[in-house]
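Comments concern the structure below.
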Amino acid sequence: MKNGKSIYISLLSVMLCFFVMGFVDLVGIATNYVKEDFNLTDTTANLFPSMVFFWFLICSVPTGMLMNKIGRKKTVLISLVLTALALVIPVFQYSYVSMLLSFSLLGIGNAVMQVSLNPLLSTLVSGDKLASSLTFGQFVKAIASFVAPLIAGWAALQHSNRKLLFPIFLGIAVLAIFALAMTSIREDDEKGATSTFAQCFALLGDKVVLLSFIGIMCHVGIDVGVNVTAPKILIERLGLTLADAGKATSIYFLFRTIGCFTGAVVLARFSAKIFFIISSVLMVASMAGLFIFDSLMPIYVSIALVGLGNSNIFPILLSQGLLHLPEKKNEVSGLMIMGIFGGTIFPLLMGIASDALSSQTGAVIVMSLGVLYLLFISPKVKK
Numbered sequence: 450m451k452n453g454k455s456i457y458i459s460l461l462s463v464m465l466c467f468f469v470m471g472f473v474d475l476v477g478i479a480t481n482y483v484k485e486d487f488n489l490t491d492t493t494a495n496l497f498p499s500m501v502f503f504w505f506l507i508c509s510v511p512t513g514m515l516m517n518k519i520g521r522k523k524t525v526l527i528s529l530v531l532t533a534l535a536l537v538i539p540v541f542q543y544s545y546v547s548m549l550l551s552f553s554l555l556g557i558g559n560a561v562m563q564v565s566l567n568p569l570l571s572t573l574v575s576g577d578k579l580a581s582s583l584t585f586g587q588f589v590k591a592i593a594s595f596v597a598p599l600i601a602g603w604a605a606l607q608h609s610n611r612k613l614l615f616p617i618f619l620g621i622a623v624l625a626i627f628a629l630a631m632t633s634i635r636e637d638d639e640k641g642a643t644s645t646f647a648q649c650f651a652l653l654g655d656k657v658v659l660l661s662f663i664g665i666m667c668h669v670g671i672d673v674g675v676n677v678t679a680p681k682i683l684i685e686r687l688g689l690t691l692a693d694a695g696k697a698t699s700i701y702f703l704f705r706t707i708g709c710f711t712g713a714v715v716l717a718r719f720s721a722k723i724f725f726i727i728s729s730v731l732m733v734a735s736m737a738g739l740f741i742f743d744s745l746m747p748i749y750v751s752i753a754l755v756g757l758g759n760s761n762i763f764p765i766l767l768s769q770g771l772l773h774l775p776e777k778k779n780e781v782s783g784l785m786i787m788g789i790f791g792g793t794i795f796p797l798l799m800g801i802a803s804d805a806l807s808s809q810t811g812a813v814i815v816m817s818l819g820v821l822y823l824l825f826i827s828p829k830v831k832k
């Protein structure tokens, strides 16, 4: 880590932003509740996560260019304000249209945050520890992802109002805005000449950047896919209620949180390549389990395995890109985060496949294709 007495205060405020970044994962449990509240089909309901992650395609590269103009901290602050606005909407208006608007703002805010927050962390942490630091940030993010369905379930059972999730997360987002705004982070040497769109997209011609970009698409597609589909599998195969089936999402994020924490320690000491291969194999086993099993505990184990396996894919691939072209860190970050657009493509394909087969097996097939790609590129990950 870089020197300075205020480094830990700076890291604390940045990690609080990572927690707010995790709010995007409430889209999974929220999608299931919206589907139930408005009596939607799988294809229609899956528009909600698609609306969130569509904006990563539109906003990621321009955000990378914006950082070169105004700096990373100011860009992160803009993202926090957008996230807070997204959380305000359901507090005052809960309808199909208002939720589409809320999820769109959440997607825009999260896209801007993901592009800018990871490079902001790199101003505080030296390059050789970047992968483990990014993984710790993902661990903090995963805590928010893990508690979202628990808060929604608690609010539904104890207060008959699962929408209490939104004002609770809104309060935390406002706290993060003030914490980061009052934190001094030096990044004078991080600004540079603004790249053009053509120059940014030309970086996809680099093999490392391209493979990492597609890998992030698959990682996020699997992440959102399990988030949305796991409760549906339990409802379909075991006849559980949505409130009970929602625990599957918490199990996924619990083991994703455990995996992130483990990865933060392991990646600081051992090969990222070996860790990536092990993670991919765990996900292959999980997909096989989701195809085969129709009883509660084996399905839970399969969900736990994909949570562990998918927990460290993103920071490994992101750090590969950032360290491969350090002089283009902002632009590479924009491209890598644009890969989160996979969170739009996968749910749409999964919804179509599930409706076509009249079974969530269709969704598992689509997720399995993403897992096989990650297994394919795992030998190409740098040590």
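Note that our numbering gives residue 805 to position 356 of the sequence shown, counting from 1, and the numbers run on in steps of one. Ideal Cβ placement from N, Cα and C applies to all residues, glycine included.
Asked: Could you say which of Asp486, Phe467 and Asp491 lies nearest to alanine 802 if we only look at CA atoms?; Found: Asp491
Asked: Per the contact definition of three or more C-beta pairs closer than 8 Å, is the segment 788-795 in contact with the segment 659-671?; Found: yes
Asked: If I measure Cβ to Cβ from alanine 734 and keep anything under 6 Å in the same chain, skipping five residues before and after, which residues do I get?; Found: Leu754
Asked: For phenylalanine 595 and phenylalanine 704, I'd like the C-alpha separation in whole angstroms.; Found: 9 Å
Asked: Buried or exposed: which applies to phenylalanine 487, given that a residue is buried once 16 or more other Cβ atoms fall within 10 Å of its Cβ?; Found: exposed
Asked: Give the straight-line distance between the Cα atoms of serine 699 and leucine 489, rounded to the nearest whole angstrom.; Found: 23 Å
Asked: Might you give, ordered along the chain, the residues of its own chain that have their beta carbon closer than 6 Å to the beta carbon of methionine 816, omitting 5 neighbours on each side?; Found: Ile671 and Gly674
Asked: Would you mind stating whether glutamine 464 and valine 589 have Cβ atoms separated by less than 7 Å?; Found: Looking at the sequence itself, residue 464 is methionine, so the reference to glutamine does not match. Closer than 7 Å, so yes.
Asked: Does DSSP classify leucine 835 as helix, strand or coil?; Found: The requested residue 835 does not occur in the structure, where the chain is confined to residues 450 to 832.
Asked: Out of Phe468, Asp743, Val781 and Leu659, state which residue places its alpha-carbon closest to the alpha-carbon of leucine 683.; Found: Asp743
Asked: From Leu806, Val658 and Pro511, pick the residue whose C-alpha is nearest to that of serine 768; which is it?; Found: Val658
Asked: Quick one: Cα of glutamate 685 to Cα of isoleucine 765, how far?; Found: 35 Å
Asked: Under three-state DSSP, which class holds phenylalanine 662?; Found: helix
Asked: Kindly indicate which three-state DSSP category lysine 831 falls into: helix, strand or coil?; Found: coil
Asked: Have a look at Leu798, Gln809, Asp804 and Ser459 and flag the residue whose alpha-carbon is nearest the alpha-carbon of methionine 631.; Found: Ser459
Asked: For asparagine 761, does the three-state DSSP call read helix, strand or coil?; Found: coil
Asked: In the structure shown, what three-state DSSP assignment does alanine 625 receive?; Found: helix
Asked: To which residues of the same chain is lysine 778 closer than 6 Å at the C-beta, ignoring the five residues directly before and after it?; Found: Pro568 and Leu771
Asked: For the 8 Å Cβ check, are there 3 or more pairs between the segment 545-553 and the segment 468-487?; Found: yes
Asked: Can you check whether the CB of serine 827 is closer than 7 Å to the CB of phenylalanine 725?; Found: yes
Asked: Smallest Cα separation from threonine 532: which of Met500, Val469, Leu774 and Leu653?; Found: Val469
Asked: Inspect the beta-carbon positions of leucine 629 and serine 462 and report whether they are closer than 7 Å.; Found: yes
Asked: So, at 6 Å on beta carbons, what are the nonlocal neighbours of isoleucine 626 in its own chain, with the 5 sequence-adjacent residues on each side left out?; Found: Leu529
Asked: Alpha carbons only, please: which of Ile752, Val525, Ser782 and Asn759 is nearest the one belonging to leucine 652?; Found: Ser782
Asked: Secondary structure at isoleucine 634, three-state DSSP: helix, strand or coil?; Found: coil
Asked: Quick check on phenylalanine 502: does DSSP put it in helix, strand or coil?; Found: helix
Asked: Suppose contacts are defined by Cβ-Cβ distances below 7 Å. Is threonine 584 in contact with glycine 758 by that definition?; Found: no
Asked: Once the 5 residues before and after leucine 624 are set aside, which same chain residues still bring their CB inside 8 Å of it?; Found: Leu465
Asked: To the nearest angstrom, how far is the alpha carbon of valine 537 from that of proline 616?; Found: 7 Å
Asked: Suppose the cutoff is 8 Å on Cβ atoms and the five residues either side in sequence are ignored; what does the same chain contact list for tyrosine 822 look like?; Found: Ile663, Gly664 and Cys667
Asked: Could you check the C-alpha separation between phenylalanine 825 and histidine 773 for me, to the nearest Å?; Found: 20 Å
Asked: So proline 498 packs on valine 677, CB below 8 Å; how close in whole Å?; Found: 6 Å
Asked: Methionine 799: buried (16+ other C-beta within 10 angstroms of its C-beta) or exposed?; Found: buried
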